[in-house]
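Undergrad: Dropping a structure here in structure tokens format, bear with me for questions.
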Amino acid sequence: MTTTEVPKELSTPPEIGGIGHSLKRKEDARFIQGAGNYLDDITLPHMLHMAILRSPVPHARINSIDTSAAQALAGVVAVVTGADLAAHGLAWMPTLSGDTQAVLATDKVRFQGQEVAAVIAESPYIAWDALELIEVDYDQLPPVVDPRQAMAPDAPLIRDDKEGQSDNRCYHWEAGEKEATDRAFAEADTVVALDTHYPRSHPAPLETCGCVADVSPATKHVTIYMTSQAPHAHRTVFALVAGLPEENIRIISPDIGGGFGNKVPVYPGYVVATAASLLIGRPVKWVESRSENLISTGFARDYYMHGALALKRDGKILALRVSMVSDNGAFYADAQPTKFKAGLFHIVTGSYDFPAAHIVTDGAYTNKAPGGVAYRCSFRVTEASYLIERLVQNAAYELGIDPAEIRMRNFIQPEQFPYHSPTGFVYDSGNYPAALKLALEMVGYDDLRREQEAARAEGRLIGIGIASFTEVVGAGHSTDYDILGLKMFDSAELRVHPTGKAILKLGVKAQGQGHETTFAQIVANELGIPANDILVMEGDTDNTPYGLGTYASRSTPVGGAATAVVARQLRDKARKLAAHLLEAAEEDLEWEPGRFFVKGAHDRGVTIQDVAFAAYTNFPEGMEPGLEGVHYYDPPNMTYPFGSYVVVVEVDAGTGQWKVLRMIAVDDCGVRINPMIVEGQIHGGLTEGFAMANMQFITFDEDGNCIGSNFMDYLIPTAWETPRFELGETVTPSPHHPIGAKGVGESATVGSPAAYVNAVVDALAHLGVRNLDMPVLPHKVWAAINEAGARSAT
Amino acid sequence: METTITINGVARTFDVEPRVLLVDLLRTRAGLTGTHIGCDTTSCGVCTVLLDGRPVKSCTVFAVQAGGREVTTVEGLVKNGELHPIQAAFKEEHGLQCGYCTPAMMLVGTALIERNPDPSDEEVRWAISGNLCRCTGYMNIVKAIQRAASEMRHAAEGSTVG
């Protein structure tokens, strides 16, 4: 078993730059000079360009497709339809959640924007021109756009392609214990319930998805440059889809312009471009437009949730009951741990200690884009955290207890860890009261409540919202976590060169998280080699060890652990080499960052660089030469980052607009490897949480038309709207991670939406308002205020 | 049609279709891939370049419209092998994560500093409000632009005194 060695604060000097140093990022040098290498920057000799024809309607039978005019356009090399792919057995592909998805539609289209045909041409302009010349004859079918309607017995069947599928149910999954929960509800003094919709959202990284597929006509070797958060898993899927020998497939994921879960699924465009390159014998580039990205690639959320808390009069929670219907679109297409059909939604008991919970989840197919991706969250933790934090806030109002106090009364206490939750999680560590206490101090909570009262007396609406979230990240141990059977380990390969510089190769793949710096710092901490002397390589399946990729905040918990372990293995070998060089016994050596020395004789020592040189030039007889190793890390448990956020808003009663006055975020992600990068991650997450609470959603009209297919309709906050953030931290190391780290990339997206919404609801709580669904648009707030006014007038 | 554009100080002549967008010309004909594409609708701003010193979204400018004019891209920020102060400041303040919006943000920042050498937090936020970032939450971008402004003011004072 791996031991946890929580690094002492700044155990390495700045010139080594190990854990705890806010090292400036190594990757920045290329990005600030416009020398990043993103997918669309790749141009290969004789490269062709592909554009995709998409369905304008959400549900229709395809009668015929006429591609003759498109074929005839000068510069068009090929037009591909589903029938062409079917001839090669490629019309359908498996998804990472064990479903199937049409690559190009053959029988029906099932959502607006679905891939119907592809044009391959000499230039992207010609390819787009040719799309206009393809004639498709559709017989429209009634669309199903609401998952609750989709579950009705008379709803039109969407997935008639699936054998044995007689309704639109995508999955049914339960967690917890029904009987124990029912008993607790029978004993409750009061029950607080909430129905809420977590709206459909889209990760919308600024770089859209795309690929350049390059199949060598001579060798049939396939190289695919791809916007991929999980290149190794994608290679395996390609081998399975196309029946290609896996050693002949190389996936290179270059610099990625943001991912947030959007670049986890395998998209039809990747498969079509690869098939086209194989058939034509030239490289084929496909890059989505923004509209294509928003209407067809992995969306997130779209959960209709009902939650109820059973409570004692003193605010103590007895049990939680949840039912949820998720809208999974036409194909369940995101990466999904096989065992957990609704992801990790059953973490919905949150930061609170109570004995019973029962969670019933149902997924529905609808005529909407496929997916259900975990947008900057670990498999549905975001929806779960939102529901419990909204419920607890409402319970406080119903019982007349302060929202901070009711949390304090129910928190899992520090001494209860490892904590076994009623839905089966084993929380590794935490100190929830400390995080909330710090957040309350930072915001000046007691004074603020008094100011709120005074403001109300003047007719001003101030609201204070709290969220004390717990996440579950770092999937995950092989006993419980796999995707398509692939266990969710991750890997690190470390080679120290003769001159003492090193290269670290990882199975994960950054999209802005700063791995080239952070992971070098882990090695620096363990081996004493300066972080700036360590090159970090990711995203090339031929040149990195196998791993499941970067999403669900798993890079540091899993890939970071693999890195620490392999570095320790090399240090063990280095000790043997040092003993040989110093002509001393191994056990007589002591280690300080970057150097072994003989106990009691500090000046009798060798540096790690001396040792590295000796590994290639002067090693003891019988020892294997070199200083390198690889480690595949199977985590013993998930990690459980947590935090407490407090948001203060002012609501304009006349317009319903709300403005964030303060946003305090206390995060505990265990040991922070690079505090600067951690804070940057938190800033980004708080912004995306604000986006969802304030403006960012994708909806559909009743005919299944996507409203929100471009950045003029799908609103993303600019610098002007985005609040200023005040950050605080507590550090509770993970007891099972080699360096005590937990992962932080998604904490703020998970925790903050409830804090923002709780703040707006709090501003109106005295009017009897208990819920506002996201995004909390001004018209909803205005209506809530006016309905409350009408209620009090009658 | 033939058009001559001065790109990063060098006059270059291209034979282009009238419908070709400036961003496409810069990326595929001039080989300057530091200017990115993010939305096609003038919304996200990652394609921003300076046209005669003023920020424009190059996905909404035809290449021929830049004929006879000066275009500055991110590749033109380094002078004599030295990073522009705004480049150094973005690194120093952790003003970037995935790097996709960064070239545009830096160019907008330099244009702002040009006309306002000491911009406030609000002034920076307003100036970059046509440019989206999905990673940083903007706080460190604002700090980076203000840091660059400060460095450039001090450099200017130094050269005046010297």
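The listed protein sequences correspond, in order, to chains A and B. Note that this note's numbering gives residue 483 to position 294 of the first sequence, counting from 1, and the numbers run on in steps of one. Note that this note's numbering gives residue 1090 to position 144 of the second sequence, counting from 1, and the numbers run on in steps of one. Ideal Cβ placement from N, Cα and C applies to all residues, glycine included. No experiment lies behind these values; they were computed from the predicted model shown.
1. Using a Cβ cut-off of 7 Å (strictly closer), state whether Pro1065 (chain B) contacts chain A.
2. Tell me, which residues are paired with Arg596 (chain A) by DSSP?
3. Am I right that Gly654 (chain A) and Tyr945 (chain A) are in contact with their C-beta atoms under 8 Å? What's the rounded C-beta distance?
4. Check whether the Cβ of Gln1092 (chain B) lies closer than 7 Å to any Cβ atom in chain A.
5. Does DSSP put Ala310 (chain A) in a helix, in a strand, or in coil?
6. Below 7 Å CB to CB, which residues in the same chain sit around Ala741 (chain A) once its five sequence neighbours on both sides are set aside?
7. Check distances from the C-beta atoms of the segment 913-938 of chain A to those of chain B and list, in chain order, the residues that come in under 7 Å.
8. On the three-state DSSP scale, how would you describe Pro1001 (chain B)?
9. Is Arg1061 (chain B) close to chain A? Criterion is C-beta to C-beta, closer than 7 Å.
10. With a threshold of 6 Å on Cβ separation, who are the neighbours of Arg471 (chain A) within its own chain once the five nearest residues in sequence on each side are excluded?
11. Specify the secondary structure class of Tyr621 (chain A) as computed by DSSP and reduced to three states.
12. If you run the structure through DSSP and keep just helix, strand and coil, what is Glu779 (chain A)?
13. Measuring alpha carbon to alpha carbon, tell me which of A:Ile928, A:Val537 and A:Glu578 ends up nearest Thr193 (chain A).
14. Please state the DSSP three-state secondary structure of Asn1062 (chain B).
15. Could you check whether the Cβ of Met947 (chain B) sits closer than 7 Å to any Cβ belonging to chain A?
16. So, using beta-carbon positions, are Glu477 (chain A) and Thr397 (chain A) closer together than 7 Å?
17. Check distances from the C-beta atoms of the segment 975-998 of chain B to those of chain A and list, in chain order, the residues that come in under 8 Å.
18. Tell me, please, whether the CB atom of Asp217 (chain A) is closer than 7 Å to any CB atom in chain B?
19. Classify Gly496 (chain A) as helix, strand or coil using the three-state DSSP reduction.
20. Tell me the residue span of the beta strand (DSSP E) that contains Phe785 (chain A).
21. Straight-line CA distance for Tyr175 (chain A) to Ile862 (chain A)?
22. Taking 7 Å as the CB-CB cut-off, is Arg479 (chain A) touching chain B?
23. Whose C-alpha, out of A:Ser417, A:Tyr459 and A:Ala373, is nearest the C-alpha of Ala1038 (chain A)?
24. Let me check one thing: in DSSP terms, what residues is Cys167 (chain A) bridge-paired to?
25. Verify the CB distance criterion: does Thr1048 (chain B) have a CB-CB separation below 7 Å to chain A?
26. Whole angstroms is fine: what's the gap from Arg1071 (chain B)'s alpha carbon to Ser833 (chain A)'s?
27. Under the assumption that Asp857 (chain A) contacts Thr938 (chain A) (Cβ atoms under 8 Å), give the Cβ distance between them as a whole number of angstroms.
28. As a quick exercise: from A:Arg358, A:Tyr227, A:Phe831 and A:Pro245, pick the residue whose alpha carbon is nearest that of Gly893 (chain A).
29. List the residues of chain A whose Cβ lies closer than 8 Å to the Cβ of Met1052 (chain B), in chain order.
30. Roughly how many whole angstroms lie between the Cα atoms of Gly1108 (chain B) and Pro1001 (chain B)?
31. Checking 7 Å against the spacing of the C-beta atoms, do Ala422 (chain A) and Ile438 (chain A) come in under that value?
32. Could you name each continuous beta strand (DSSP E) segment of 3 residues or more that falls completely within the segment 346-371 of chain A, going from the start of the chain to the end?
33. Taking only three categories from DSSP, how would you classify Thr844 (chain A)?
34. Under 8 Å Cβ-Cβ, which residues of chain B neighbour Tyr227 (chain A)?
35. Please classify Val195 (chain A): does DSSP put it in a helix, a strand, or coil?
TA: According to the structure shown:
1. Here residue 1065 (chain B) corresponds to residue number 119 of the second sequence, with the count starting at 1. For Pro1065 (chain B), the answer is no, since every Cβ of chain A falls outside 7 Å of its Cβ.
2. Indexing the first sequence from 1 puts residue 596 (chain A) at position 407. Per DSSP, none; premise fails for Arg596 (chain A).
3. Counted from its first residue, the first sequence places residue 654 (chain A) at position 465. Counted from its first residue, the first sequence places residue 945 (chain A) at position 756. At roughly 6 Å, the Cβ-Cβ gap stays under 8 Å, so Gly654 (chain A) and Tyr945 (chain A) are in contact.
4. Working through the second sequence from its first residue, we reach residue 1092 (chain B) at position 146. Not closer than 7 Å to any Cβ of chain A, the Cβ of Gln1092 (chain B) fails to qualify, so no.
5. Indexing the first sequence from 1 puts residue 310 (chain A) at position 121. Strand, per DSSP.
6. Taking the first residue of the first sequence as position 1, residue 741 (chain A) is located at position 552. Taken in chain order, the residues that qualify are Ala563, Ser567, Phe568, Val662 and Ala664.
7. Arg913 and Phe914
8. Residue mapping note: residue 1001 (chain B) aligns to position 55 of the second sequence, counting from 1. In this structure, Pro1001 (chain B) counts as strand in the three-state DSSP scheme.
9. For this step, residue 1061 (chain B) is matched to residue 115 along the second sequence. No, Arg1061 (chain B) lies away from the interface with chain A (no Cβ there is under 7 Å from its Cβ).
10. Taking the first residue of the first sequence as position 1, residue 471 (chain A) is located at position 282. Once the five neighbours on either side are set aside, the close Cβ partners of Arg471 (chain A) are His235 and Leu237.
11. As a working note, residue 621 (chain A) is residue 432 in the first sequence. Of the three classes helix, strand and coil, the one that applies to Tyr621 (chain A) here is helix, per DSSP.
12. Taking the first residue of the first sequence as 1, we reach residue 779 (chain A) at position 590. Correct three-state label for Glu779 (chain A): strand.
13. Taking the first residue of the first sequence as 1, we reach residue 193 (chain A) at position 4. Nearest option by C-alpha distance: A:Ile928.
14. Walking along the second sequence from the start, residue 1062 (chain B) turns up at place 116. Coil, per DSSP.
15. Taking the first residue of the second sequence as position 1, residue 947 (chain B) is located at position 1. No - not a single Cβ of chain A is within 7 Å of the one on Met947 (chain B).
16. On the first sequence, position 288 is the one that residue 477 (chain A) refers to. On the first sequence, position 208 is the one that residue 397 (chain A) refers to. It is a contact, given that the beta carbons lie within the stated cut-off.
17. Leu978, Thr979, Gly980, Thr981, His982, Ile983, Gly984, Cys985, Asp986, Thr987, Ser989, Cys990 and Val992
18. By 1-based counting over the first sequence, the position of residue 217 (chain A) is 28. Yes - at least one Cβ of chain B is within 7 Å of the one on Asp217 (chain A).
19. The residue labelled residue 496 (chain A) in the question sits at position 307 within the first sequence. Strand.
20. By one-based count along the first sequence, residue 785 (chain A) stands at place 596. First-last of the beta strand (DSSP E) with Phe785 (chain A): Arg784 to Val787.
21. Because chain A is modelled from 190 through 983, residue 175 (chain A) falls outside the range shown and cannot be assessed.
22. Looking up residue 479 (chain A) in the first sequence gives position 290. By this cut-off, Arg479 (chain A) is an interface position.
23. No answer is possible for residue 1038 (chain A): the residues shown for chain A start at 190 and end at 983.
24. Since the first and last residues shown for chain A are 190 and 983, residue 167 (chain A) lies out of range.
25. In the second sequence, the residue the question calls residue 1048 (chain B) occupies position 102. So, interface residue.
26. For this step, residue 1071 (chain B) is matched to residue 125 along the second sequence. For this step, residue 833 (chain A) is matched to residue 644 along the first sequence. Computed Cα separation, rounded: 27 Å.
27. As a working mapping, residue 857 (chain A) is identified with position 668 in the first sequence. As a working mapping, residue 938 (chain A) is identified with position 749 in the first sequence. Contact doesn't hold; Cβ gap of about 16 Å is too wide.
28. Within the first sequence, residue 893 (chain A) is the residue found at index 704, counting from 1. When only C-alpha atoms are compared, the closest one is A:Pro245.
29. Here residue 1052 (chain B) corresponds to residue number 106 of the second sequence, with the count starting at 1. In chain order: Ile221.
30. The count along the second sequence starts at 1 and reaches residue 1108 (chain B) at position 162. The count along the second sequence starts at 1 and reaches residue 1001 (chain B) at position 55. The predicted model places Gly1108 (chain B) with a pLDDT of 48, which falls under 50 and marks its position as unreliable; any figure quoted below should be read in that light. Near 32 Å, if we compare the C-alpha coordinates of Pro1001 (chain B) and Gly1108 (chain B).
31. Walking along the first sequence from the start, residue 422 (chain A) turns up at place 233. Walking along the first sequence from the start, residue 438 (chain A) turns up at place 249. Taking 7 Å as the Cβ cut-off, Ala422 (chain A) and Ile438 (chain A) do not qualify as a contacting pair.
32. 358-365
33. Along the first sequence, one-based indexing puts residue 844 (chain A) at 655. The answer is coil: DSSP assigns Thr844 (chain A) none of H, G, I, E or B.
34. Residue numbering aside, residue 227 (chain A) sits at position 38 when the first sequence is read from its first letter. The answer, in chain order, is Thr979, His982 and Tyr1046.
35. By 1-based counting over the first sequence, the position of residue 195 (chain A) is 6. Val195 (chain A) falls in the coil class under three-state DSSP.
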